[in-house]
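Visitor: One structure, as structure tokens, below. Some questions next.
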Amino acid sequence: MRASEKPADTPRFVCSVLERIGAHGIPNIGRAGTRQRRLAWTGLVLAGLGFLVWQGTLLVTRYLQYDVKVSVGLGYEALTTFPAVTVCNLNRIPRTAMHTNSKLAELEGYIEYILETQVYQAWNDEMRYTNQVADFGITTESFDIMADIPYANRSSAGHQLSRMLLYCTFNGYPCSPLNFTHFYNYFYGNCYTFNFDSRLARRVAQAGPFYGLTMELFVEQTEYVRGLQNSAGLKVFISGQNQVPFPEDRGIIVSPGRETSIALHKVRIDRLGAPYTSCTSDLPTIFSTFYGNVDYSLLACEKSCVAQEILEMCHCADPRYRFTDETSSCSSQNQSQMACTRKILLAYVNNSLRCNCPLPCSEVEFEETVSAASWPNENYKFALENIITRLSADFSSAIEEDDRFIEKNVVKLNVFLSSLQYQYIYQTPDYSQENLISDLGGQVGLWMGFSILTFFEIAELVLDLFVYTRGKSANRVSREAKVGEGLVGMSLSPSVNTLTPIG
């Protein structure tokens, strides 16, 4: 055998390769002159490897938590989308509509009875959850009655925009009821949204009240049902486009006889999607199913969840959100249905209802600044009365009979952007993939003295060992084959030599 093929050559070969690696520590294992030094350097390298694994695990764990950080910035749009503005009359059912439905007529009689028998300061020393006040019963009963009316017919039992809207301009140009989208709300009845559709969204290039939406609206206070609604005015709800309005939960109440200005400052919110957050943009709700062209919102999802749970568990439809005639609505007179709905509402309040309602990935909010002044002033009142008198004989006679008709019935509303700047709230990864790679590289360099080129050196080492090992295996097979041939020749020779000629 040749000297290069001795078994001791393998450790010597490995050591020679280790000495060529550019990392700290590992070459010293090959260069160590004594066994003790080699063991010491091996221990130090293994210790460094252990610390590297420990720190690397912490870094990877931090990355896999997918934490986010929230940043706030300011942006500017030279041409910005005007928000959607929803107006609702506080009185959901006009008096004239009360006489078109027998149940509503009965409700009006019940309201009169409650008003005659109601007593103030009839409280106890303790608050007891036994019997609800009569006002609440009136409200729920009106919900039941309206829910039994097909959705398409409910608008006729509410205030009509064609009569309410006296004057309308947007960005200096006239607007009309045709520029509004109708929604029926269980609490306020007919609601009308200006600039609802994002596909036809109106934009403004300047801020201020002259470049916003200005309306003068007639609240029809003579049509208010006492006991059902005891205040007069409008509810105003501001949102982005394609958002279902929920004026019962938020919004601004504006009063007649006042000019109310609502200055808006746009706030845009963007959230990271998976795996950082569970935000969504297209989760279906009962509102998107019924209306079609509406976007996802957290409030719509939560209300949809409650309504669907009531439908599934109580086998009746929530009267607040009964859009179709497929299922009868839950009645406030049915004790078992009321007990079932109260149980679900309590579960929702306690956060134990099975609702999957993540935050939207992108949304637009508007910060509102409200101011108001008496309107109209004494010098303008006479001119305004003349303008309204020319609309119809009804207005003319009403103004003649009541010298405070304007103050009691007409609202002036201005909605505008206070600035074309907007606040931008957005999420970014708290620990990104780039941070992970950078920190892992730092840890590898600190504990092992590696660089990216070191890994190529290790790859070269592995390849050299593979080639060297495979070459030794091939040489061993070749030697064994040659030895085998020699043994065969030695066993045949004596037999041949014993064959001598006869005779």
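Read left to right, the sequence shown gives residues 975 to 1477 (this note's numbering).
Glycine included, every Cβ here is placed at the ideal spot set by N, Cα and C.
1) Can you find the residues in the same chain that come closer than 6 Å, C-beta to C-beta, to T1298, ignoring five residues on each side of it along the sequence?
2) Hey, is S1262 close to the ligand FMN, as in C-beta under 7 Å from one of its heavy atoms?
3) Figure out for me which residue from R1177, V1193, R1173 has the closest Cα to the Cα of R1069.
4) Are the beta-carbon atoms of S1412 and P1334 separated by less than 8 Å?
5) Is it the case that the Cβ atoms of L1140 and I1284 are separated by a distance below 8 Å?
6) Using the Cβ count rule (16 or more neighbours within 10 Å means buried), how would you classify T1054?
7) Give me the residue from D1269, A1433, N1153 with the minimum Cα distance to V1338.
8) When you compare only the Cα positions, how much space is there between K1317 and R1296?
9) Out of curiosity, what's the CA-to-CA distance linking T1031 and W1421?
10) Beta-carbon within less than 6 Å of S1370's beta-carbon, same chain only, minus the 5 sequence neighbours each way: which residues are those?
11) If distances are taken between C-alpha atoms only, which option among S1150, R1177, H1289, A1079 comes closest to G1214?
12) Contact between the stretch 1375 to 1392 and the stretch 1233 to 1250: three or more CB pairs below 8 Å?
13) Just to confirm the assignment: which complete alpha helix (DSSP H) runs, minimum length 4, are found wholly within the stretch 1318 to 1363?
14) Run through the DSSP bridge pairs and tell me what F1192 is partnered with.
15) Between A1131 and Y1396, what straight-line distance do the alpha-carbon atoms span, to the nearest angstrom?
16) Does the beta-carbon distance from E1222 to Y1166 come in below 8 Å?
17) Evaluate I1059 with the Cβ neighbour count: other Cβ atoms within 10 Å of its Cβ, from every protein chain shown; 16 or more gives buried, anything less gives exposed.
18) Quick check for students: name the residue ranges of the alpha helix (DSSP H) that lie wholly in the stretch 1241 to 1313, counting only runs of 4 or more.
19) Along the chain, where does the beta strand (DSSP E) that runs through F1369 open and close?
20) Nearest to A1357 by CA position, among S1336, I1380, L1319, A1248, is which residue?
21) Check R1176 in the structure and name its three-state DSSP category.
22) Tell me, which residues are paired with K1077 by DSSP?
23) Express the C-alpha separation of Y1265 and C1290 in angstroms, rounding to a whole number.
24) Quick one: measure Cβ to Cβ for K1382 and P1230, integer angstroms, because I've assumed they're closer than 8 Å.
25) Restricting to Cα atoms, I'd like to know which of V1441, V1436, T1251 is closest to K1043.
26) Kindly indicate which three-state DSSP category A1052 falls into: helix, strand or coil?
27) Tell me, to the nearest whole angstrom, how far the beta carbon of L1174 is from that of F1154; I am working on the premise that it is less than 8 Å.
28) If you draw a straight line from the C-alpha of Q1195 to the C-alpha of V1061, how long is it?
29) Which of the three DSSP states, helix, strand or coil, is assigned to Q1217?
30) For the beta strand (DSSP E) holding V1228, just list the boundary residues, first then last.
31) Between H998 and G1423, which are expected to be in contact by the criterion C-beta below 8 Å, what is the C-beta distance as a whole number of angstroms?
32) Beta-carbon within less than 6 Å of F1220's beta-carbon, same chain only, minus the 5 sequence neighbours each way: which residues are those?
33) Please tell me whether D1171 and N1216 are closer than 8 Å, where the distance is taken between their beta carbons.
34) Provide the residue span of the beta strand (DSSP E) that contains L1038, from first to last.
35) Using only CA atoms, which one of F1056, H1133, D1292, N1075 lies nearest to T1114?
Guide: Based on what the coordinates show:
1) none
2) As far as ligands go, the structure on display features none, and thus does not contain the ligand FMN.
3) V1193
4) no
5) no
6) buried
7) D1269
8) 19 Å
9) 14 Å
10) T1363
11) R1177
12) yes
13) 1352 to 1363
14) V1384
15) 40 Å
16) no
17) According to the sequence provided, residue 1059 is Val. The question's Ile does not apply to it. With 16 or more Cβ atoms within 10 Å of its Cβ, V1059 is classed as buried.
18) 1260 to 1265, 1272 to 1288
19) Counting along the chain, F1369 falls outside any beta strand (DSSP E), though it belongs to the alpha helix (DSSP H) covering 1367 to 1375.
20) I1380
21) coil
22) DSSP, once it has assigned bridges, lists no residue as partnering K1077.
23) 21 Å
24) 6 Å
25) T1251
26) coil
27) Wrong, their Cβ atoms sit about 12 Å apart, outside the cutoff.
28) 16 Å
29) coil
30) 1226 to 1228
31) 3 Å
32) L1273
33) yes
34) Careful: L1038 lies outside any beta strand (DSSP E), inside the alpha helix (DSSP H) at 1009 to 1038.
35) D1292
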